[in-house]
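Asker: Mind looking over this structure? Questions follow.
Residue numbers (the UniProt record's numbering): 1 to 396.
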C-alpha cells in the first residue's frame with residue numbers, strides 16, 4: 001500500500017518520503033507487520049474518511065538512522081553498522097505526530113536508535129501475538145468413499161468446501177501434501193479380497209496424512225467418510241486422538257448435507273454390562289445406534305461371552321439419532337467408559353469383539369478410542385444376510 005506524497009507541514013519540517021528509494025515489498029511488509037497502525041502510539045493509519053475509490057492514508061515511513069547525509073539528518077551520527085538505510089529494519093510506520101516527535105532536535109536524545117529498534121520489535125511482536133488467533137482454522141480434508149449399489153459414494157469437493165466454510169474452516173486443497181487426502185475403496189463388501197484391499201487403501205492414505213502431520217504441513221484434520229462400519233472403525237483407529245480432528249456426519253436431509261444441524265436436543269447414552277466370568281478371555285462390545293444389533297444371529301464365538309453395550313437413553317436406535325454434534329461427544333465419552341469397564345471387569349481378556357450398527361461419525365469415534373499397547377486386539381464384525389461375520393482386526 002503506497003503512502004501519499006506529503007507537502008511541507010506547518011511546522012516547516014519536510015517529512016516527504018522519497019518513495020522511489022524504498023522498495024514496494026518493504027512498504028508492504030511494514031504495513032503487514034504493524035497491521036496498519038502507528039508503531040509508537042498504535043493509532044489507526046488507514047483513516048476513517050473514505051472517497052469513492054480510496055481510503056485517506058495517515059501513515060508516514062520514518063527512518064531510524066536518517067535517510068540523507070548531513071548533521072541535520074536524525075541519528076545520522078549512529079550510521080555505523082547500517083548497510084541499507086531503506087531496508088525494512090531501519091524503517092518504522094508512524095503517524096505524522098510521532099514522526100515529528102522522534103525527529104525533532106529537542107527529542108532526538110530521547111529516541112536513540114536502540115530505543116526505536118526496541119519499540120519496533122516489541123510492537124510488531126505484539127501484533128503477531130494478537131493476530132495469531134481468530135480467523136478461519138486451517139484444516140486438511142480426508143475423504144473416504146466406497147462403492148454402494150455399483151456407484152462410488154463420496155463427499156464432493158464442493159460439499160466439503162461449503163461445509164468447512166460454514167464451520168469457519170479453511171480447507172487446504174490442490175495437492176495431497178497441502179491437504180487433499182482422498183481414499184477410494186473399490187469393489188463391494190463381501191467380494192474376494194475386499195476387506196484386505198480396503199485396509200491397504202486406508203493404510204496408504206493415512207501414511208500420507210501422517211507424513212503431512214509430522215512435517216507440520218497439517219495441524220487439523222476434517223473427516224468426510226462413507227464406508228461399511230468395520231472400515232470406519234479401522235480408519236478411526238489410524239486417526240487416534242493425537243491430531244486435532246473433526247468428524248462430519250452425512251445426513252439424509254439434502255439441505256443439511258454434511259453439516260451438523262444441531263436442531264434437536266443432544267442425546268445421552270448409557271453403558272450396560274452383563275454378568276460374566278471375570279476371568280473370561282473374550283468380551284463382546286455392542287453398539288446399537290442406527291438399528292438394533294440382533295444377538296440372535298451371533299456366531300458361536302460370540303455366544304455366552306460377557307457383553308458390554310452402549311445405547312441411547314430415552315429413545316430407540318435410528319438413522320437420524322446423531323443430528324447434533326454434542327450427541328457424538330456424549331457417545332464418545334460413554335464409549336470410552338465402556339472400554340474402561342471392559343478393562344476393569346475382565347482384565348484377562350485377550351480379545352474384544354465389536355458388533356455395531358452405527359452412523360459414520362460414531363463408527364470412526366469407536367476406532368479412535370482403541371489404545372495401542374493397552375487394549376487387546378479387537379475383531380470387528382460386519383452384518384451379512386445370515387449372521388455377523390468377522391472381517392478385520394484393529395489394534396492387533
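Even glycine gets a Cβ: it sits at the ideal position worked out from N, Cα and C.
Using a Cβ-Cβ cut-off of 6 Å (strictly less than) and excluding sequence neighbours within five positions of residue 5, which residues of its own chain qualify?
Answerer: Taking the first residue of the chain shown as 1, we reach residue 5 at position 5. Only weak support exists for where residue 5 lies, its pLDDT of 42 falling under 50; the coordinates are left without a value.
Asker: Just grab the DSSP bridge partners of residue 315 for me.
Answerer: The residue labelled residue 315 in the question sits at position 315 within the chain shown. DSSP output for residue 315 lists no bridge partner at all.
Asker: Can you pull the DSSP bridge partners for residue 343?
Answerer: Locating residue 343 in the chain shown gives position 343, counting from the first residue. For residue 343, which the question treats as bridged, DSSP gives no partner whatsoever.
Asker: Going by DSSP in three states, residue 25 sits in which element: helix, strand or coil?
Answerer: Position 25 of the chain shown, counted from the start, is the residue given in the question as residue 25. Residue 25: helix per DSSP, three-state reduction.
Asker: For residue 316 and residue 171, what's the separation of their Cα atoms in angstroms?
Answerer: Position 316 of the chain shown, counting from 1, holds the residue named residue 316. Position 171 of the chain shown, counting from 1, holds the residue named residue 171. Cα-Cα distance, rounded: 36 Å.
Asker: So, with DSSP's three-state summary, where would you put residue 324?
Answerer: Here residue 324 refers to the residue found at position 324 when the chain shown is read from its first residue. Reduced to three states, the DSSP call for residue 324 is coil.
Asker: In this structure, does DSSP put residue 101 in helix, strand or coil?
Answerer: As a working mapping, residue 101 is identified with position 101 in the chain shown. Note: residue 101 maps to helix in three-state DSSP.
Asker: Using CA atoms only, rank isn't needed, just tell me which of 192, 213, 23, 259 is closest to residue 88.
Answerer: Taking the first residue of the chain shown as position 1, residue 88 is located at position 88. Answer by Cα proximity: 23.
Asker: If you compare alpha carbons, which of 227, 394, 241 is closest to residue 357?
Answerer: For the purposes of this step, residue 357 is taken as the residue at position 357 of the chain shown. Per the Cα distances, 227.
Asker: Report buried or exposed for residue 272, applying the criterion of at least 16 other Cβ atoms within 10 angstroms of its Cβ.
Answerer: Start at 1 with the first residue of the chain shown, and residue 272 comes out as number 272. That one is exposed.
Asker: Quick one: give me the first and last residue of the alpha helix (DSSP H) that residue 165 is part of.
Answerer: Reading the chain shown from its first residue, position 165 is the one you call residue 165. Run containing residue 165: 157-166, per the alpha helix (DSSP H) assignment.
Asker: On the DSSP bridge assignment, give the partners of residue 222 in chain order.
Answerer: In the chain shown, the residue the question calls residue 222 occupies position 222. In the DSSP output, where bridge partners are listed per residue, residue 222 has 141, 246.
Asker: How many Å lie between residue 108 and residue 59 at the Cα?
Answerer: Locating residue 108 in the chain shown gives position 108, counting from the first residue. Locating residue 59 in the chain shown gives position 59, counting from the first residue. Computed Cα separation, rounded: 20 Å.
Asker: Please classify residue 146: is it buried, with 16 or more other beta-carbons within 10 angstroms of its beta-carbon, or exposed?
Answerer: Along the chain shown, read from residue 1 onward, the residue named residue 146 stands at position 146. Its Cβ being crowded by 16 or more others within 10 Å, residue 146 is buried.
Asker: Do residue 313 and residue 269 have their beta-carbon atoms positioned less than 8 Å apart in this structure?
Answerer: For the purposes of this step, residue 269 is identified with residue 269 of the chain shown, where counting begins at 1. For the purposes of this step, residue 313 is identified with residue 313 of the chain shown, where counting begins at 1. Yes, the Cβ-Cβ distance between residue 269 and residue 313 is below 8 Å.
Asker: Counting C-beta neighbours from all protein chains within 10 Å, is the total for residue 338 16 or more, i.e. buried, or is it exposed?
Answerer: Reading the chain shown from its first residue, position 338 is the one you call residue 338. Per the 10 Å Cβ criterion, buried.
Asker: Comparing C-alpha positions only, which one of 21, 257, 382 sits nearest to residue 353?
Answerer: For the purposes of this step, residue 353 is taken as the residue at position 353 of the chain shown. That would be 382, whose Cα lies nearest to the Cα of residue 353.
Asker: Roughly how far, in whole angstroms, is the beta-carbon of residue 419 from the beta-carbon of residue 330, given that I think they are within contact range, below 8 Å?
Answerer: Examination of residue 419 is not possible in this model, given that the chain is present from 1 through 396 alone.
Asker: Report the residue from 35, 223, 377 whose alpha carbon sits nearest the alpha carbon of residue 155.
Answerer: In the chain shown, the residue the question calls residue 155 occupies position 155. For residue 155, the nearest C-alpha among the options comes from 223.
Asker: Does any C-beta atom of chain D lie closer than 8 Å to the C-beta of residue 336?
Answerer: Among the chains of the structure shown, chain D does not appear; only one protein chain is present.
Asker: Please state if the CB of residue 45 and the CB of residue 33 are separated by a distance shorter than 8 Å.
Answerer: Within the chain shown, numbered from 1, the residue matching residue 33 stands at position 33. Within the chain shown, numbered from 1, the residue matching residue 45 stands at position 45. No.
Asker: Could you tell me the distance, in whole angstroms, from the CA atom of residue 229 to the CA atom of residue 189?
Answerer: One-based indexing of the chain shown puts residue 229 at position 229. One-based indexing of the chain shown puts residue 189 at position 189. Answer to the nearest angstrom: the Cα atoms are 11 Å apart.
Asker: So, do the stretch 201-221 and the stretch 242-253 have three or more beta carbon pairs nearer to each other than 8 Å?
Answerer: Touching, per the Cβ criterion.
Asker: In the DSSP assignment, what residue or residues form a beta bridge with residue 288?
Answerer: The residue given as residue 288 occupies position 288 in the chain shown. 357, per the DSSP bridge assignment.
Asker: Exposed or buried, what is residue 120 when buried is set at 16 or more other beta-carbons lying within 10 Å of its beta-carbon?
Answerer: The residue you call residue 120 lines up with position 120 of the chain shown. The residue is buried, with at least 16 neighbouring Cβ atoms inside 10 Å.
Asker: To the nearest whole angstrom, what separates the beta carbons of residue 274 and residue 306, a pair I think is in contact under 8 Å?
Answerer: On the chain shown, residue 274 is found 274 positions in, with the first residue counted as 1. On the chain shown, residue 306 is found 306 positions in, with the first residue counted as 1. About 6 Å; that satisfies the 8 Å criterion.
Asker: Considering residue 379, what are the terminal residues of the beta strand (DSSP E) in which it resides?
Answerer: The residue you call residue 379 lines up with position 379 of the chain shown. Its beta strand (DSSP E) spans residues 378-383.
Asker: For the alpha helix (DSSP H) containing residue 272, list its first residue and its last residue.
Answerer: Numbered from 1 along the chain shown, position 272 holds the residue referred to as residue 272. Looking at the DSSP string, residue 272 is not in any alpha helix (DSSP H); the run it does join, the beta strand (DSSP E), is 269-273.
Asker: Would you kindly report the start and end of the unbroken alpha helix (DSSP H) that includes residue 186?
Answerer: Translated into positions along the chain shown, residue 186 becomes position 186. Run containing residue 186: none; DSSP gives neither H nor E here.
Asker: Using the Cα positions of residue 175 and residue 203, report the straight-line distance between them to the nearest angstrom.
Answerer: Position 175 of the chain shown, counted from the start, is the residue given in the question as residue 175. Position 203 of the chain shown, counted from the start, is the residue given in the question as residue 203. Legend: pLDDT at residue 175 = 47, less than 50; position of this residue unreliable, no value from coordinates given.
Asker: Beta strand (DSSP E) containing residue 151: first to last residue?
Answerer: The residue given as residue 151 occupies position 151 in the chain shown. Looking at the DSSP string, the run of the beta strand (DSSP E) that includes residue 151 is 151-153.
Asker: Taking 8 Å as the threshold, find out whether the stretch 295-305 comes into contact with the stretch 318-330 through three or more Cβ pairs.
Answerer: Cβ pair count under 8 Å is below three, so no.
Asker: In angstroms with no decimal places, state the Cα-to-Cα distance between residue 118 and residue 135.
Answerer: Counting from 1 along the chain shown, the entry for residue 118 is found at position 118. Counting from 1 along the chain shown, the entry for residue 135 is found at position 135. C-alpha separation (whole angstroms): 29 Å.
Asker: Does the distance from the C-beta atom of residue 395 to that of residue 370 stay below 8 Å?
Answerer: Working through the chain shown from its first residue, we reach residue 395 at position 395. Working through the chain shown from its first residue, we reach residue 370 at position 370. Yes, these two residues count as a Cβ contact at 8 Å.
Asker: Check for me: the alpha helix (DSSP H) holding residue 375 runs from which residue to which?
Answerer: Translated into positions along the chain shown, residue 375 becomes position 375. First-last for residue 375: undefined, no H or E at that position.
Asker: Can you pull the DSSP bridge partners for residue 148?
Answerer: The residue labelled residue 148 in the question sits at position 148 within the chain shown. DSSP lists 151 as partners of residue 148.
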